[in-house]
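J.: Before I ask anything, let me first share the structure, which is written out below as structure tokens.
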Amino acid sequence: MLRERALSYLVTERFPVFWCPGCGNGVILGSIARTLARLGLERHQVVVVTGIGCWGKADDYLDTNAIHGTHGRALAIATGIKVARPELTVLALMGDGDCATIGGNHLIHAARRNVGVVAVVSNNFNYGMTGGQYSATSPPGATTSTSPYGNPERNFDLCALAEAAGANYVARASVYHVRLLDRLLMEAFSHPGFCLVEVLSTCPVYFGRYNRLGGPAEVMRWLASVCVPRERYETLVAQDREGKFPIGKLVERRRPPFSERYATLQARARQLVQQQPPPER
Amino acid sequence: MREESRVQFMQGNAALLEGALAAGADFFAGYPITPSSEIAELASRRLPARGGIYLQMEDELASMAAVIGASLAGRLAFTATSGPGFSLMQENLGLAIMAEVPCVVINVQRSGPSTGLATRPAQADVMQARWGTHGDHSAIVLCASTVQACYRLAARAFQLAERFRHPVVLLADEVVGHMRERVVLDREEQARGARRRMPNCAPDQYRPYQPEADGVPPLAYFGSQYVFRVTGSMHDERGFPCADPENAARVIERLSRKIQDNAPEIWSWSLWGTPEPEILLVSFGAAARACRAVVEEYTQKGHSLGLLELETLWPFPAPIVRQAAARARLVVVAEMNLGQMRGEVRKAIPDRIPVLGANRFDGEPLTPGDVRRCLQESGEKSC
Numbered sequence: 000m001l002r003e004r005a006l007s008y009l010v011t012e013r014f015p016v017f018w019c020p021g022c023g024n025g026v027i028l029g030s031i032a033r034t035l036a037r038l039g040l041e042r043h044q045v046v047v048v049t050g051i052g053c054w055g056k057a058d059d060y061l062d063t064n065a066i067h068g069t070h071g072r073a074l075a076i077a078t079g080i081k082v083a084r085p086e087l088t089v090l091a092l093m094g095d096g097d098c099a100t101i102g103g104n105h106l107i108h109a110a111r112r113n114v115g116v117v118a119v120v121s122n123n124f125n126y127g128m129t130g131g132q133y134s135a136t137s138p139p140g141a142t143t144s145t146s147p148y149g150n151p152e153r154n155f156d157l158c159a160l161a162e163a164a165g166a167n168y169v170a171r172a173s174v175y176h177v178r179l180l181d182r183l184l185m186e187a188f189s190h191p192g193f194c195l196v197e198v199l200s201t202c203p204v205y206f207g208r209y210n211r212l213g214g215p216a217e218v219m220r221w222l223a224s225v226c227v228p229r230e231r232y233e234t235l236v237a238q239d240r241e242g243k244f245p246i247g248k249l250v251e252r253r254r255p256p257f258s259e260r261y262a263t264l265q266a267r268a269r270q271l272v273q274q275q276p277p278p279e280r
Numbered sequence: 000m001r002e003e004s005r006v007q008f009m010q011g012n013a014a015l016l017e018g019a020l021a022a023g024a025d026f027f028a029g030y031p032i033t034p035s036s037e038i039a040e041l042a043s044r045r046l047p048a049r050g051g052i053y054l055q056m057e058d059e060l061a062s063m064a065a066v067i068g069a070s071l072a073g074r075l076a077f078t079a080t081s082g083p084g085f086s087l088m089q090e091n092l093g094l095a096i097m098a099e100v101p102c103v104v105i106n107v108q109r110s111g112p113s114t115g116l117a118t119r120p121a122q123a124d125v126m127q128a129r130w131g132t133h134g135d136h137s138a139i140v141l142c143a144s145t146v147q148a149c150y151r152l153a154a155r156a157f158q159l160a161e162r163f164r165h166p167v168v169l170l171a172d173e174v175v176g177h178m179r180e181r182v183v184l185d186r187e188e189q190a191r192g193a194r195r196r197m198p199n200c201a202p203d204q205y206r207p208y209q210p211e212a213d214g215v216p217p218l219a220y221f222g223s224q225y226v227f228r229v230t231g232s233m234h235d236e237r238g239f240p241c242a243d244p245e246n247a248a249r250v251i252e253r254l255s256r257k258i259q260d261n262a263p264e265i266w267s268w269s270l271w272g273t274p275e276p277e278i279l280l281v282s283f284g285a286a287a288r289a290c291r292a293v294v295e296e297y298t299q300k301g302h303s304l305g306l307l308e309l310e311t312l313w314p315f316p317a318p319i320v321r322q323a324a325a326r327a328r329l330v331v332v333a334e335m336n337l338g339q340m341r342g343e344v345r346k347a348i349p350d351r352i353p354v355l356g357a358n359r360f361d362g363e364p365l366t367p368g369d370v371r372r373c374l375q376e377s378g379e380k381s382c
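Those protein sequences? They're chains A and B, same order as listed.
Okay, so the first sequence: first residue is 0 according to numbering that gives the first Met the number 0, each after it adds one.
Okay, so the second sequence: first residue is 0 according to numbering that gives the first Met the number 0, each after it adds one.
As structure tokens, this is what we get:
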């Protein structure tokens with residue numbers, strides 16, 4: 000039953016999907032479709048905003064409203080949509096290039112504004128679409144097509160970044176931890192304010208191959224091995240945390256979302272203008 | 000402002016905002032920049048009480064992105080900026096063109112390149128407004144020379160944006176943006192026509208890129224009964240990516256032709272001084288003000304001198320220019336740049352007519368003296 004309802008949110012006529020064998024994006028797509036089905040959201044009330052990159056192709060397969068925009072700007076476009084029409088469910092689907100790298104500034108400010116958008120970030124640790132170059136989430140030392148001698152840069156902790164910037168809800172899962180991902184997306188889709196769910200994903204064709212992680216199954220196993228439930232992660236000493244990712248719900252706040260604050264501002268403006276029109280320049 | 004006070008003494012930037020409000024604009028996203036900041040300030044003051052939204056974004060990339068998002072959600076959306084910000088907006092202006100999202104971008108021009116002379120006027124974004132974003136495309140670009148024109152053209156910009164499902168760039172400059180003049184706020188006139196052409200088919204029949212006879216596809220909005228997708232990638236009529244060469248050629252051609260084929264509807268201009276003059280001045284924006292003074296002076300002395308002032312810069316009104324120059328033996332293009340529009344005028348009229356430039360690019364406004372000097376140095380004995 001859930002399967003059929005989830006399928007009704009997908010553009011199955013465009014299957015098979017564009018992604019490489021072993022790519023984790025299909026797992027995330029499935030989880031999003033199940034979440035839409037579980038919540039029973041109406042298609043015309045949902046807007047999917049994508050950027051550019053492998054995961055930026057996800058809107059091709061979702062049978063909702065969609066805008067496939069520019070690289071890194073998905074959150075800025077999503078902000079315009081959500082602020083203009085707060086009753087809509089607005090999803091921003093971004094890869095690590097979109098969200099953490101070229102669009103990092105928009106992430107900071109979308110979280111700071113606490114605009115009611117759900118960001119679902121597929122983090123496969125590199126730029127898949129352009130041939131496996133390093134991104135802002137590639138681990139230090141990692142081999143990519145532009146770091147043949149090892150990545151000289153440190154990587155972002157996207158979840159910590161979103162938390163510090165003010166997001167209302169932050170969580171992390173991986174494409175190995177599908178049931179956890181389903182649960183976290185359900186929470187994020189129902190939570191007011193800015194929500195970010197980072198999904199660690201597999202790119203066996205580039206990241207896996209360049210770093211000698213093995214085929215799709217081995218890359219999936221590697222992913223499972225670097226994920227640690229948050230509760231256990233917190234008990235680890237610093238050196239054991241190196242290279243590991245806490246998964247699960249990381250932040251849950253109830254700060255008023257932007258649209259709520261803005262509605263209050265509009266009411267105050269109406270009142271003040273009635274009392275005393277603002278002076279002309 | 001009291002609604003009945005229709006005659007005002009107002010700054011150009013304020014009139015730009017009032018014109019937008021008259022057209023029904025209810026969403027502004029922007030990033031403050033000299034010399035356009037008053038538009039953002041006034042938008043933040045005037046929009047919320049009317050149920051509108053002022054959104055101050057983190058940069059101009061995001062401003063343009065938010066404007067596109069808001070327009071797709073059914074708002075009449077706009078932004079205002081100047082040179083450096085306009086450069087950042089080129090990325091998503093391209094998205095608005097390709098995805099066919101109506102919106103308005105006001106560029107109060109200042110002297111460039113880069114930070115340039117941040118508080119000084121220029122008209123050097125004429126070609127950027129036409130070709131700033133990559134790829135083949137059309138552009139609708141208007142230019143205001145008076146505070147009244149700021150008001151009128153701001154409203155017109157929204158009407159054209161919705162009419163053609165295309166971003167419209169409205170150029171002003173530091174002179175026009177900051178000057179104060181008498182303006183008549185004719186609300187009823189302005190409010191006419193800034194309406195979206197919504198689809199009227201059954202929701203499951205709607206194709207967001209299926210054009211009507213004039214080349215323009217109707218546009219629904221997110222949250223309406225129509226579920227639809229838009230994209231900056233090459234697409235088919237349903238909005239799905241499509242790499243078929245025939246389709247690509249059809250889309251690129253339509254995006255241009257929906258503007259070019261309907262250009263006469265977009266053109267507006269005014270003629271001053273002698274009709275079909277022997278000496279024709281062509282100008283726009285603040286530079287046109289200097290030309291008007293010269294026209295008045297010379298025609299009083301009996302010279303055959305006229306001014307064609309362009310309000311529509313793009314699509315370039317070549318037939319209008321050709322007609323105005325029909326009896327001319329000299330054409331002078333007056334503009335505050337190195338001669339960006341002169342080349343277009345040159346292309347539009349017969350080779351035998353010389354086209355000179357009266358130019359100013361030192362951050363100062365073009366003066367009647369600059370135009371006079373050009374006429375005197377032209378070799379025209381009568382001048």
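Where is the CB? At the ideal position from N, CA and C, for every residue including glycine.
(1) May I ask you to report which of helix, strand or coil DSSP gives P263 (chain B)?
(2) What three-state label does DSSP hand F77 (chain B) in the structure shown?
(3) Within 10 Å of its beta-carbon, does D361 (chain B) have 16 or more other beta-carbons around it, so buried, or fewer, so exposed?
(4) Just the chain A side, please: which residues come within less than 9 Å of N91 (chain B) by C-beta, in chain order?
(5) Going by the CB atoms, is the gap between G52 (chain A) and Y126 (chain A) shorter than 8 Å?
(6) Which residues, taken in chain order from the stretch 92-110 of chain A, show a beta carbon closer than 8 Å to some beta carbon of chain B?
(7) Report the option in A:G102, A:F188, A:A36, A:V272 whose CA atom is closest to the CA atom of V282 (chain A).
(8) What are the boundary residues of the beta strand (DSSP E) that H177 (chain B) is part of?
(9) Going by beta carbon distance, what residues of the same chain come within less than 6 Å of A110 (chain A), once the five residues before and after it are set aside?
(10) Could you check which residue in B:S269, B:R249, B:L355 has the C-alpha nearest to that of E379 (chain B)?
(11) What residues match up with T88 (chain A) in a beta bridge as DSSP calls it?
(12) So which residues of chain A does P47 (chain B) contact, with C-beta pairs closer than 7 Å?
(13) Nearest to R162 (chain B) by CA position, among B:A22, B:C200, B:G115, is which residue?
(14) State buried or exposed for S7 (chain A), treating a residue as buried only when at least 16 other CB atoms are found within 10 Å of its CB.
(15) Look up H133 (chain B) in the DSSP assignment and say whether it is helix, strand or coil.
(16) So if DSSP puts Y126 (chain A) in a beta bridge, which residue, or which two residues, is it bridged to?
(17) Count the other CB atoms, across all protein chains shown, that sit within 10 Å of the CB of E41 (chain A); report buried if there are 16 or more and exposed otherwise.
(18) On the DSSP bridge assignment, give the partners of K248 (chain A) in chain order.
(19) Who pairs with M93 (chain A) in a beta bridge, going by DSSP?
(20) Helix, strand or coil: which one does DSSP assign to W268 (chain B)?
(21) Rounded to a whole number of angstroms, what is the C-alpha to C-alpha distance between L222 (chain A) and G23 (chain A)?
(22) Can the beta-carbon of W313 (chain B) be found less than 8 Å from the beta-carbon of A171 (chain B)?
(23) L35 (chain A): buried (16+ other C-beta within 10 angstroms of its C-beta) or exposed?
(24) Quick one: residues in its chain with C-beta nearer than 6 Å to the C-beta of D369 (chain B), no 5 flanking neighbours on either side, listed in chain order?
(25) Which of the three DSSP states, helix, strand or coil, is assigned to S282 (chain B)?
(26) Can you confirm whether the stretch 90-98 of chain A touches the stretch 117-133 of chain A when touching is taken to mean that 3 or more C-beta pairs between the two stretches lie within less than 8 Å?
(27) Once DSSP output is grouped into helix, strand and coil, what is the label at V26 (chain A)?
(28) Could you give the first and the last residue of the continuous beta strand (DSSP E) run that contains T230 (chain B)?
(29) Within the 8 Å Cβ cut-off, does A69 (chain B) reach chain A?
(30) Within the chosen definition, does the stretch 198-206 of chain B reach the stretch 250-268 of chain B through at least 3 CB pairs nearer than 8 Å?
(31) Quick one: what does DSSP say N64 (chain A) is sitting in, helix, strand or coil?
(32) Along chain A, which residues have their Cβ under 8 Å away from the Cβ of S223 (chain B)?
(33) Could you check the C-alpha separation between T263 (chain A) and K81 (chain A) for me, to the nearest Å?
(34) Would you mind stating whether Y133 (chain A) and S121 (chain A) have Cβ atoms separated by less than 8 Å?
(35) At which residues does the alpha helix (DSSP H) containing F188 (chain A) begin and terminate?
(36) For I80 (chain A), would you say it is in contact with chain B, using Cβ-to-Cβ distances shorter than 8 Å as the test?
T.: In brief:
(1) The sequence position of residue 263 (chain B) within the second sequence is 264, counting from 1. Helix, per DSSP.
(2) As a first step, residue 77 (chain B) is located in the second sequence; it is residue number 78 there, counting from the start. In this structure, F77 (chain B) counts as strand in the three-state DSSP scheme.
(3) On the second sequence, position 362 is the one that residue 361 (chain B) refers to. Classification of D361 (chain B): exposed, given that the 10 Å Cβ count is below 16.
(4) The residue labelled residue 91 (chain B) in the question sits at position 92 within the second sequence. Chain A residues near N91 (chain B): G68, T69, R72, A75, I76.
(5) Sequence index remark: in the first sequence, residue 126 (chain A) carries index 127 (1-based). Sequence index remark: in the first sequence, residue 52 (chain A) carries index 53 (1-based). Remark: C-beta atoms of Y126 (chain A) and G52 (chain A) approach each other more closely than 8 Å.
(6) Within the stretch 92-110 of chain A, the qualifying residues are N104, H105, I107, H108.
(7) Outside the displayed span of chain A (0 to 280) sits residue 282 (chain A), for which this structure offers no information.
(8) The residue you call residue 177 (chain B) lines up with position 178 of the second sequence. For H177 (chain B), no beta strand (DSSP E) encloses it; the enclosing alpha helix (DSSP H) starts and ends at 173-177.
(9) If you number the first sequence from 1, residue 110 (chain A) lands on position 111. Here the set comprises A161, A164, G165, A166, F193.
(10) If you number the second sequence from 1, residue 379 (chain B) lands on position 380. Nearest Cα to E379 (chain B) within the set B:S269, B:R249, B:L355: B:L355.
(11) By one-based count along the first sequence, residue 88 (chain A) stands at place 89. A:V45.
(12) Counting from 1 along the second sequence, the entry for residue 47 (chain B) is found at position 48. Chain-ordered, the chain A residues with CB closer than 7 Å to the CB of P47 (chain B) read L264, Q265, A268.
(13) Taking the second sequence and counting its residues from 1, one reaches residue 162 (chain B) at position 163. When each option's Cα is compared against that of R162 (chain B), the closest is B:A22.
(14) As a first step, residue 7 (chain A) is located in the first sequence; it is residue number 8 there, counting from the start. S7 (chain A) counts as exposed, since fewer than 16 other beta carbons sit within 10 angstroms of its beta carbon.
(15) Working through the second sequence from its first residue, we reach residue 133 (chain B) at position 134. Three-state DSSP puts H133 (chain B) in coil, outside helix and strand.
(16) Here residue 126 (chain A) is taken as the residue at index 127 of the first sequence, counted from 1. Residue pairing from DSSP places Y126 (chain A) in a beta bridge opposite A:Q132.
(17) Walking along the first sequence from the start, residue 41 (chain A) turns up at place 42. The residue is exposed, with fewer than 16 neighbouring Cβ atoms inside 10 Å.
(18) As a first step, residue 248 (chain A) is located in the first sequence; it is residue number 249 there, counting from the start. K248 (chain A) pairs with A:A170.
(19) Translated into positions along the first sequence, residue 93 (chain A) becomes position 94. Listed as beta-bridge partners of M93 (chain A) by DSSP are A:V120.
(20) Position 269 of the second sequence, counted from the first residue, corresponds to residue 268 (chain B). Strand.
(21) Residue 222 (chain A) sits at position 223 when you count from the first residue of the first sequence. Residue 23 (chain A) sits at position 24 when you count from the first residue of the first sequence. Rounded to the nearest angstrom, the two C-alpha atoms are 11 Å apart.
(22) Here residue 313 (chain B) refers to the residue found at position 314 when the second sequence is read from its first residue. Here residue 171 (chain B) refers to the residue found at position 172 when the second sequence is read from its first residue. Going by C-beta atoms, W313 (chain B) is not nearer than 8 Å to A171 (chain B).
(23) For the purposes of this step, residue 35 (chain A) is identified with residue 36 of the first sequence, where counting begins at 1. L35 (chain A) comes out buried.
(24) Start at 1 with the first residue of the second sequence, and residue 369 (chain B) comes out as number 370. Once the five neighbours on either side are set aside, the close Cβ partners of D369 (chain B) are A357, R359.
(25) In the second sequence, the residue the question calls residue 282 (chain B) occupies position 283. In the three-state scheme derived from DSSP, where H, G and I count as helix and E and B as strand, S282 (chain B) is classed as strand.
(26) Output reads yes: the stretch 90-98 of chain A touches the stretch 117-133 of chain A.
(27) Locating residue 26 (chain A) in the first sequence gives position 27, where the first residue counts as 1. V26 (chain A): helix per DSSP, three-state reduction.
(28) The residue you call residue 230 (chain B) lines up with position 231 of the second sequence. Counting along the chain, the unbroken beta strand (DSSP E) around T230 (chain B) starts and ends at 228-230.
(29) Looking up residue 69 (chain B) in the second sequence gives position 70. For A69 (chain B), the closest Cβ of chain A is nearer than 8 Å.
(30) Result no; under three Cβ-Cβ pairs closer than 8 Å.
(31) Within the first sequence, residue 64 (chain A) is the residue found at index 65, counting from 1. DSSP places N64 (chain A) in strand when its eight states are reduced to three.
(32) Walking along the second sequence from the start, residue 223 (chain B) turns up at place 224. What S223 (chain B) touches in chain A: H43.
(33) Counted from its first residue, the first sequence places residue 263 (chain A) at position 264. Counted from its first residue, the first sequence places residue 81 (chain A) at position 82. A straight line joining the alpha-carbon of T263 (chain A) with that of K81 (chain A) spans about 16 Å.
(34) As a working note, residue 133 (chain A) is residue 134 in the first sequence. As a working note, residue 121 (chain A) is residue 122 in the first sequence. No, they are not a contact pair.
(35) Residue 188 (chain A) sits at position 189 when you count from the first residue of the first sequence. Segment 177-188, the alpha helix (DSSP H) holding F188 (chain A).
(36) One-based indexing of the first sequence puts residue 80 (chain A) at position 81. Yes, its Cβ sits closer than 8 Å to a Cβ of chain B.
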